[in-house]
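Residue 1 is where the sequence shown starts when you use our numbering, and the numbers rise one by one after that.
Glycine included, each C-beta is placed from N, C-alpha and C at the ideal position.
All figures in this text were calculated on a predicted structure; none of them were measured in a lab.
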Amino acid sequence: MACLLGTLRSSQPVARFQRSCGLFPAAEEGGGSSGDPAEGPRERGACNGAGALRCPARAPPGGVRRGLGPQACTQKYIVKNYFYYYLFKFSAALGEEIFYITFLPFTYWNIDHSVSRRMIIVWSIVMYIGQVSKDILKWPRPLSPPVVKLEMRTNAEYGMPSTHAMAATAISFSFFIATMNLYKYPLELGLAAAFVFSTLVCLSRLYTGMHTVLDVIGGALISAVLLVLLYPAWDTIDHLLLTSPFCPLFSLVVPLVLCYNYPKLDYYSPTRGDTTTILGAAAGATVGFWLNNKYSASAYTDESVQPGFPLVTSAMVFVLARFFVGILVVLLTRWLMKSMVLGMLGYRYKFPIHDLEARRRLEVEVPYKFVTYSSVGFTATVIVPLLHELLGLL
């Protein structure tokens, strides 16, 4: 067992997977040498993850490409299979902010409020545990070489567990579990869709060179265990969040305390900022859920959501209109709040708003991201539906 775990934690299986999908370092142009392409020197110009913040490659395919890291360390790579390249680059984006900020609000505006609430609860809990676990375990990411790294930002984080794998498993299967008794569709189809979605995201973390096999398996398993533990309490948690008079205070204070007391590292890592973003968005959305239920606004009640998936009805135009109007307002809110909060913090702590190092300080990063994204969550659940009602899009 120890030997198996050691193999799954090593960089060689990741490198072999990349080569099998047509991704090679420039040094192996033409298919490589006679030996195993995953073997060889591991420390030569290494781009080796947490704490290093060095040279993950990021470039479009076609011929020899170069990834440029923030410390001018470069890594060239060759893409020989465009299908896998774009498939896994797209799949990797399904675990990023661009997916969260579109899919979760879409679910609330167009599918079912209760499904959206449960997904956000599970997502925020799973992601907090995953992010904190990374900085407690402090397992390094795959070594490069032999691995080719296609991402820059997350290379500064530790690897175990893969929060992409955790988020994909949590969101896909919580969506499946929450909808299987609400809508009529083949359960096998829903289960297969959840499995394919989470599998693609997990494989994308290997293809991009960001995680070992053990990181990915560990992330998916942790998420599955948390789903099993949370499922019996879904209805109770949902009821408390909607009806408890203490919900707004609890939803804002507890995440904020967790963010300020995030595990400290010897160097800057984006994990604290990402965690604050997630908890802030969930906090704002939860306050919105509570307000909607308390004041029984017609725009927010579950009865206003038509039974059945709206994507296959004649209301497709309204679905798209709600989505694009909502996303526009959400993005505008994010830009406006980010500018305002950074401006105020810059005035308070005497730094220019474009000073990246100053924005990484605890007293700046946590309030800036928490206020910005709690505003985004509140806007998505309260302001946008009111605008939908005003525009006649319900």
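Cβ-based burial, residue i [other Cβ within 10 Å; buried from 16]
i: L137; result: exposed
i: Y295; result: exposed
i: F289; result: buried
i: N292; result: buried
i: V317; result: exposed
i: K369; result: buried
i: W123; result: buried
i: K184; result: exposed
i: V14; result: buried
i: T243; result: exposed
i: H354; result: exposed
i: I98; result: exposed
i: K264; result: exposed
Residue i to residue j span [Cα, whole Å]
i: S20; j: I78; result: 13 Å
i: R42; j: V213; result: Low confidence applies to R42: its pLDDT is 35, below 50, so where it sits in the model is not reliable enough to give any reading.
i: A26; j: V216; result: 26 Å
i: H239; j: S339; result: 35 Å
i: I125; j: Q131; result: 10 Å
i: E389; j: I383; result: 10 Å
i: E157; j: R141; result: 8 Å
i: L226; j: I278; result: 17 Å
i: T7; j: G284; result: 42 Å
i: L320; j: S116; result: 18 Å
i: T102; j: L331; result: 10 Å
i: D266; j: L143; result: 20 Å
i: W395; j: I177; result: No answer is possible for residue 395: the residues shown for the chain start at 1 and end at 394.
i: L394; j: L182; result: 20 Å
i: D274; j: Y262; result: 11 Å
i: R9; j: R360; result: 31 Å
i: I237; j: F24; result: 48 Å
i: L4; j: M119; result: 34 Å
i: R272; j: A2; result: 32 Å
i: L249; j: T276; result: 17 Å
i: F324; j: L387; result: 12 Å
i: L356; j: S198; result: 34 Å
i: C247; j: S114; result: 17 Å
i: G190; j: I171; result: 13 Å
i: A205; j: R334; result: According to the sequence displayed, residue 205 carries Arg and not Ala. The straight-line gap from Cα to Cα measures roughly 28 Å.
i: P245; j: S251; result: 11 Å
i: L241; j: T179; result: 20 Å
i: D135; j: K76; result: 29 Å
i: L328; j: R16; result: 42 Å
Collapsed DSSP secondary structure at residue i in the structure displayed
i: V397; result: In the structure as shown, the chain begins at 1 and stops at 394. Residue 397 is therefore absent and cannot be evaluated.
i: I237; result: helix
i: L23; result: strand
i: G51; result: Because the pLDDT of G51 is 43, which lies under 50, any placement of that residue in the model is unreliable, and the number read from its coordinates should be weighed accordingly. DSSP places G51 in coil when its eight states are reduced to three.
i: V364; result: helix
i: K76; result: strand
i: D274; result: helix
i: W290; result: helix
i: I111; result: coil
i: V147; result: coil
i: W123; result: helix
i: M316; result: helix
i: E389; result: helix
i: D355; result: coil
i: T208; result: coil
i: G218; result: helix
i: G95; result: coil
i: W335; result: helix
i: R117; result: helix
i: Y158; result: coil
i: P255; result: helix
i: M1; result: coil
i: A170; result: helix
Contact under 9 Å by Cβ, residue i with residue j
i: A358; j: Y347; result: no
i: F173; j: A194; result: yes
i: P385; j: Y108; result: yes
i: G209; j: V148; result: yes
i: G280; j: Y373; result: yes
i: G219; j: H164; result: yes
i: H211; j: S162; result: yes
i: W139; j: M166; result: no
i: F88; j: Y207; result: yes
i: R322; j: N110; result: yes
i: S11; j: P186; result: no
i: I121; j: L230; result: yes
Nearest-angstrom beta carbon gap, residue j and residue i [assumed within contact, 8 Å]
i: A224; j: T169; result: 6 Å
i: P94; j: V201; result: Rather than Pro, the amino acid found at residue 94 in this sequence is Leu. Contact flag correct, Cβ pair sits at about 5 Å.
i: Y260; j: V366; result: 6 Å
i: G326; j: A380; result: 7 Å
i: V341; j: V376; result: Between V376 and V341 the Cβ distance is about 12 Å, and since that is not below 8 Å, they are no contact.
Neighbour flag for residue i against chain C, beta carbons, 9 Å
i: P248; result: Of the chains in the structure shown, none is chain C; there is only one protein chain.
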